[in-house]
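K.L.:
One structure is given below, represented as structure tokens, and several questions about it will come after.
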Amino acid sequence: MDWQGQKLAEQIMQVLLLVFAVVSFVAGYVLGSFQMMMLVYAGGVTLTALITVPNWPFFNRRPLNWLDPSEAEKHPKPQVAVSSKKKGTKK
Amino acid sequence: MHSFGYRLNGLLTFALTILALMCVITSLSDNFNTPSPSADIKITNINWFQKQPQGHDEVSLTMNVSADLQSLFTWNTKQVFIFVAAEYETPKNSLNQVSLWDAIIPAKEHAKFWIHTSNKYRFVDQGNNLRGKKFNLTMHWHVMPKTGKMSADKIVLTGYSLPEEYR
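These protein sequence lines are chains A and B, in that order.
All you need for this note's numbering is the position in the first sequence, starting with 1, plus 12.
All you need for this note's numbering is the position in the second sequence, starting with 1, plus 7.
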């Protein structure tokens, strides 16, 4: 995934889980069934996992353009300036 | 969210935290329930009433227990444990509680019932204080939730007494 895709995946995950929590609680409360709440929530967690965890293509729509290796060789990395770093330690 | 395992871990942790919160809210939703239980116990017969070889009084009785505990059940109730206890005072103990009968009610449909039974557990005194003794029969119940804290309450029925002499 690219960086934007990672952020999107995290946001989708949080929103979906919260939505499913509310939906499953309301479903369980209205139906008077604790088991129904648990089943709906478990289904929601599985669905959210299927959507947000694998590396789907739509998470990779804004890839970063890394520099081509042959291009990189033409522009050597700048050297760190070796300036005198002797700080006065004279007491 | 850098890798498959990282995202999966984050999702599962968040899902479990939310699940814990849902259980708390479910448990709190029980406070909206106002129960109105009722119970009645009639002693139909004193089968026998004797002093045991060890020296303690024991009585065997048959009773009709009827109760409507359906209002105790919510969507978060796993089961209700009920028991009938005989309560009386003696010179030695200010309160004696002897459990005579108990049952587990697993569902709301079974919570309205009538049963004709002899005492399941022995009604034995610590001593010889039961002749002519006035006692209460108390219906206790413990509501066990699917998630959350157990609660207990009771109904006290007064006016019962044992015979003056052994029989």
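Each residue gets a CB set at the ideal place from its N, CA and C atoms; glycine is no exception.
Taking the alpha-carbon positions, what's the Y41 (chain A) to F21 (chain B) distance?
P.N.:
The count along the first sequence starts at 1 and reaches residue 41 (chain A) at position 29. The count along the second sequence starts at 1 and reaches residue 21 (chain B) at position 14. Their backbone Cα atoms lie some 22 Å apart in a straight line.
K.L.:
Roughly how many angstroms separate the alpha carbons of W55 (chain B) and G139 (chain B), rounded to a whole number?
P.N.:
As a first step, residue 55 (chain B) must be located in the second sequence, where it is residue number 48. As a first step, residue 139 (chain B) must be located in the second sequence, where it is residue number 132. Roughly 14 Å between the two C-alpha positions.
K.L.:
Beta-carbon of K153 (chain B) versus every beta-carbon of chain A: anything under 8 Å?
P.N.:
Locating residue 153 (chain B) in the second sequence gives position 146, counting from the first residue. Yes, contact with chain A.
K.L.:
For F11 (chain B), would you say it is in contact with chain A, using Cβ-to-Cβ distances shorter than 8 Å as the test?
P.N.:
Position 4 of the second sequence, counting from 1, holds the residue named residue 11 (chain B). Yes, its Cβ sits closer than 8 Å to a Cβ of chain A.
K.L.:
Give a yes or no on whether the minimum CB-CB distance between R174 (chain B) and chain A is below 8 Å.
P.N.:
Here residue 174 (chain B) refers to the residue found at position 167 when the second sequence is read from its first residue. Answer no: the Cβ-Cβ gap between R174 (chain B) and chain A never drops below 8 Å.
K.L.:
Check for me: the alpha helix (DSSP H) holding V31 (chain B) runs from which residue to which?
P.N.:
On the second sequence, residue 31 (chain B) is found 24 positions in, with the first residue counted as 1. Start and end: F11 to S36.
K.L.:
Look at the alpha carbon of V163 (chain B) and the alpha carbon of L26 (chain B), and state the distance between them as a whole number of angstroms.
P.N.:
Taking the second sequence and counting its residues from 1, the one referred to as residue 163 (chain B) is at position 156. Taking the second sequence and counting its residues from 1, the one referred to as residue 26 (chain B) is at position 19. Distance between the alpha carbons of V163 (chain B) and L26 (chain B): 39 Å.
K.L.:
Does any residue of chain A bring its CB to less than 8 Å from the CB of S158 (chain B)?
P.N.:
Locating residue 158 (chain B) in the second sequence gives position 151, counting from the first residue. Answer no: the Cβ-Cβ gap between S158 (chain B) and chain A never drops below 8 Å.
K.L.:
What are the boundary residues of the beta strand (DSSP E) that P152 (chain B) is part of?
P.N.:
As a first step, residue 152 (chain B) is located in the second sequence; it is residue number 145 there, counting from the start. Taken as a continuous stretch (DSSP letters only), the beta strand (DSSP E) holding P152 (chain B) covers K141 to P152.
K.L.:
Looking at chain A, which residues of the segment 80-95 of chain B have a Cβ within less than 7 Å of any of its Cβ atoms?
P.N.:
W82 and N83
K.L.:
Step through the CB atoms of chain A and report whether any lies within less than 8 Å of the CB of A22 (chain B).
P.N.:
On the second sequence, position 15 is the one that residue 22 (chain B) refers to. At least one chain A Cβ lies under 8 Å of A22 (chain B).
K.L.:
With 8 Å set as the bound, which would you pick, yes or no: does the beta-carbon of V52 (chain A) sit closer than that to a beta-carbon of chain B?
P.N.:
For this step, residue 52 (chain A) is matched to residue 40 along the first sequence. Not closer than 8 Å to any Cβ of chain B, the Cβ of V52 (chain A) fails to qualify, so no.
K.L.:
Quick check: is the beta carbon of G55 (chain A) nearer than 8 Å to any beta carbon in chain B?
P.N.:
For the purposes of this step, residue 55 (chain A) is identified with residue 43 of the first sequence, where counting begins at 1. Output row for G55 (chain A): interface = no.
K.L.:
Whole alpha helix (DSSP H) runs in the segment 34-66 of chain A with 4 or more residues, listed along the chain?
P.N.:
46-64
K.L.:
Measuring only the C-alpha atoms, how far is T69 (chain B) from D37 (chain B)?
P.N.:
Working through the second sequence from its first residue, we reach residue 69 (chain B) at position 62. Working through the second sequence from its first residue, we reach residue 37 (chain B) at position 30. Cα to Cα, the separation comes out at about 36 Å.
K.L.:
Ordered along the chain, which non-local residues of its own chain (more than five positions away) have a Cβ less than 6 Å from that of I111 (chain B)?
P.N.:
Within the second sequence, the letter at position 104 stands for residue 111 (chain B). Once the five neighbours on either side are set aside, the close Cβ partners of I111 (chain B) are Q86 and F88.
K.L.:
Mapping DSSP to helix, strand and coil, what is A93 (chain A)?
P.N.:
Sequence index remark: in the first sequence, residue 93 (chain A) carries index 81 (1-based). Reduced to three states, the DSSP call for A93 (chain A) is coil.
K.L.:
Taking 8 Å as the cut-off, decide whether the C-beta atoms of S36 (chain A) and G56 (chain A) are in contact.
P.N.:
By one-based count along the first sequence, residue 36 (chain A) stands at place 24. By one-based count along the first sequence, residue 56 (chain A) stands at place 44. Their beta carbons are under 8 Å apart, which means S36 (chain A) touches G56 (chain A) by this criterion.
K.L.:
State the Cα-Cα distance for the pair M29 (chain B) and A33 (chain A), rounded to the nearest angstrom.
P.N.:
Residue 29 (chain B) sits at position 22 when you count from the first residue of the second sequence. Residue 33 (chain A) sits at position 21 when you count from the first residue of the first sequence. The C-alpha of A33 (chain A) is placed about 7 Å away from the C-alpha of M29 (chain B).
K.L.:
Hey, quick one: how far does the beta strand (DSSP E) through S158 (chain B) stretch, first residue to last?
P.N.:
Counting from one through the second sequence, the residue named residue 158 (chain B) turns up at place 151. S158 (chain B) -> beta strand (DSSP E) spans S158 to S168.
K.L.:
Taking a contact to mean a Cβ-Cβ separation below 8 Å, would you say W82 (chain B) touches F46 (chain A) in this structure?
P.N.:
Within the second sequence, numbered from 1, the residue matching residue 82 (chain B) stands at position 75. Within the first sequence, numbered from 1, the residue matching residue 46 (chain A) stands at position 34. Against a cut-off of 8 Å, the Cβ pair of F46 (chain A) and W82 (chain B) comes out as a contact.
K.L.:
Would you mind telling me which residues of chain B sit closer than 7 Å to A33 (chain A), beta carbon to beta carbon, in chain order?
P.N.:
Counted from its first residue, the first sequence places residue 33 (chain A) at position 21. The answer, in chain order, is I25 and M29.
K.L.:
Please state the DSSP three-state secondary structure of Q59 (chain B).
P.N.:
Position 52 of the second sequence holds residue 59 (chain B). Of the three classes helix, strand and coil, the one that applies to Q59 (chain B) here is coil, per DSSP.
K.L.:
Taking only three categories from DSSP, how would you classify E22 (chain A)?
P.N.:
Numbered from 1 along the first sequence, position 10 holds the residue referred to as residue 22 (chain A). Three-state DSSP puts E22 (chain A) in a helix.
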